[in-house]
Structure formats: structure tokens, C-alpha cells
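The opening residue of the sequence shown carries number 23 in the numbering used here; numbering runs sequentially from there. Heads up, the beta-carbon is just placed ideally off N, CA and C, and yes, glycines get one too.
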Amino acid sequence: MVFSPVVLTGIFFVGVVSGFFNTIGGGGSLLVLPFLSFLGMDVAVANGTNRLAIVLQSIAGAEAYRKKGVLCFRTALPLAGITTLGSILGTFLAITIDRQYLNLSVAVFISLMAVLLVFKPEMWEKQHEARLSKTGIFFVFFFIGIYGGFIQAGVGFFLTWGLALAVGVDLLRGNAIKMVIVGLYNVISLAIFYRNGMVDIPVGLIMAGGSMVGAVIGARFAVAKGNTWIRWILAAVVIISAVKMVFDAV
């Protein structure tokens, strides 16, 4: 698709906002996908194009967190491998499955997450011992990978939940780990979408440029402000995202 300079500038700034929110919690793709669809891009192509921005955004965000000393690759890489396995299945499903009932289900789950974010701060702001066995953690992140490969939008919320409740890391370190997980599995998803002709490279690169800027800003903000700020911002984004998913479904 060919867009005017004004529209391309808008795509860049949507990327900045998306990168910022994805790096401190999630939900950026819930802005990107409707925006690209509004511009006339097919939903499947928008889903694939967004993956290019996500990959580059994740690299920028992970590096920013690494420089601040809050990224643990020892925890991140095994979880990224598990999630990537699930994402392969989810990406193939993305081409065929209707999203209506999925949106409603996700809205219910993330609404519960919003309640826990507000009323159970200790669950998110402190590190804990892993609360599930290795087998349990495998299945949690495998199924998150399926969802991420399928639609991506909102997957950051589930990863944040899984990292806090199953693995026991706090929000700040969880966000850093999440950058590695999302970046790795989206490399595979991007390749599958591209092979099926569902990636607009020029638009994806412009959005990626903005996303990388937003990711660096988001990582620095998260480190500077800490877990409490992240928790409240994440709660607000989760509530807005849940409402949007319900309206999209009905």
C-alpha cells in the first residue's frame, strides 16, 4: 500500500506509543491493528506487518533493560523457547479462526487481571519463589505462545501474568524478560506471515522505527519509576483493552 507523508508520520507516532506501552506492560498492538485496518489494510496483513515492528521493538527494549541491569537472560531464554513452540501453532491458526469469541474470552481474563493489579499489589511488586512446577510453567507459556502467534494483541498482559504468578518475578524484571520472549517468538511468526504474503515491509519498518523509540523511552521510564507506577499504568491499560475487546466482539 502507498500512503502520503502525513499518514506515514502518523504510522511512526503510533509505533512510538505502541512501543512505549508494550515495554512497560502491554496492549500496544491493540492500538496498531485497528489503526492499520482503518487505513485500509487487510486485518491479516496488519497482523503480519505488526510482527516486524514487534521484533525490532523487542530488541530495542531488551537492550535498554539490559543496560539498566534488570534483564536476566538465564530466566528469559528457556521461557522464550517454550513460548516460541506455542507461537508456531498459533500463527498457523491466525489465518483461519474467527476472532469474536476469542476476544470475549480474553476480555474476561484480563478484566480479572485488572482486579488483581488494583487489589493485590504484593503479587506484582515483589519477587517470589516459582509457584508452579517446571511442567506447569511449560504449559502456561506454551499456551501463551499459541495466543501470541495467533493475534499478538494483548499477549503482553498474559506474559506479565504468567511471569508474576507462575515464575515469581516482579513487574520490572518481568517486563525485561518479556522483551526477549516476545522478540524471539515473533521472529518465527514474522517468517510465516511473510511467506504467506501478509507483511507490508515499508509500513512495518516505519512503524518499527517509532516502536524502537517508544521501547527505549518505556524501558527507561519503567526503571526510573519502579513497580508501583508500572502496576497502575498496566491496570489502566488492561481495563481499557478489556472494554475495547468486548466492543470489538459485539
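Asked: Got a sec, what are the start and stop residues for the alpha helix (DSSP H) methionine 220 sits in?; Found: No alpha helix (DSSP H) contains methionine 220, which DSSP labels as neither H nor E.
Asked: Round the Cβ separation of leucine 99 and valine 202 to the nearest angstrom and send it over; I've been treating them as touching at under 8 Å.; Found: 7 Å
Asked: With a cut-off of 9 Å, does the C-beta of glycine 231 fall near any C-beta of chain D?; Found: No chain D appears in this structure, which consists of one protein chain only.
Asked: In the DSSP assignment, find the alpha helix (DSSP H) that holds glycine 112 and state where it starts and stops.; Found: 95–115
Asked: Applying the 10 Å Cβ sphere with the 16-neighbour rule, what's the burial state of serine 155?; Found: exposed
Asked: Put glycine 190 into one of helix, strand or coil per three-state DSSP.; Found: coil
Asked: Applying the criterion that 16 or more other CB atoms from any shown protein chain within 10 Å of the CB defines a buried residue, is threonine 182 buried or exposed?; Found: buried
Asked: Hey, how far is the Cα of glycine 232 from the Cα of serine 211?; Found: 21 Å
Asked: Please list the terminal residues of the continuous alpha helix (DSSP H) segment that includes glycine 32.; Found: 27–46
Asked: Closest to glycine 226 by CA distance: which of Arg88, Leu58, Pro27 and Leu52 is it?; Found: Leu58
Asked: How would you label phenylalanine 42, buried or exposed, when you count the other beta carbons within 10 angstroms and need 16 or more for buried?; Found: buried
Asked: Taking DSSP as the reference, what is the three-state secondary structure of lysine 90?; Found: coil
Asked: For the structure I just gave you, are there three or more beta carbon pairs, one from the segment 72–92 and one from the segment 240–249, closer than 8 Å?; Found: yes
Asked: Mapping DSSP to helix, strand and coil, what is glycine 62?; Found: coil
Asked: Does the pairing of the segment 172–191 with the segment 47–66 give three or more beta-carbon distances under 8 Å?; Found: yes
Asked: Would you identify the three-state DSSP class for leucine 154, choosing helix, strand or coil?; Found: coil
Asked: Which stretch, first to last residue, makes up the alpha helix (DSSP H) that contains leucine 185?; Found: Taken as a continuous stretch (DSSP letters only), leucine 185 belongs to no alpha helix (DSSP H), as it is neither H nor E.
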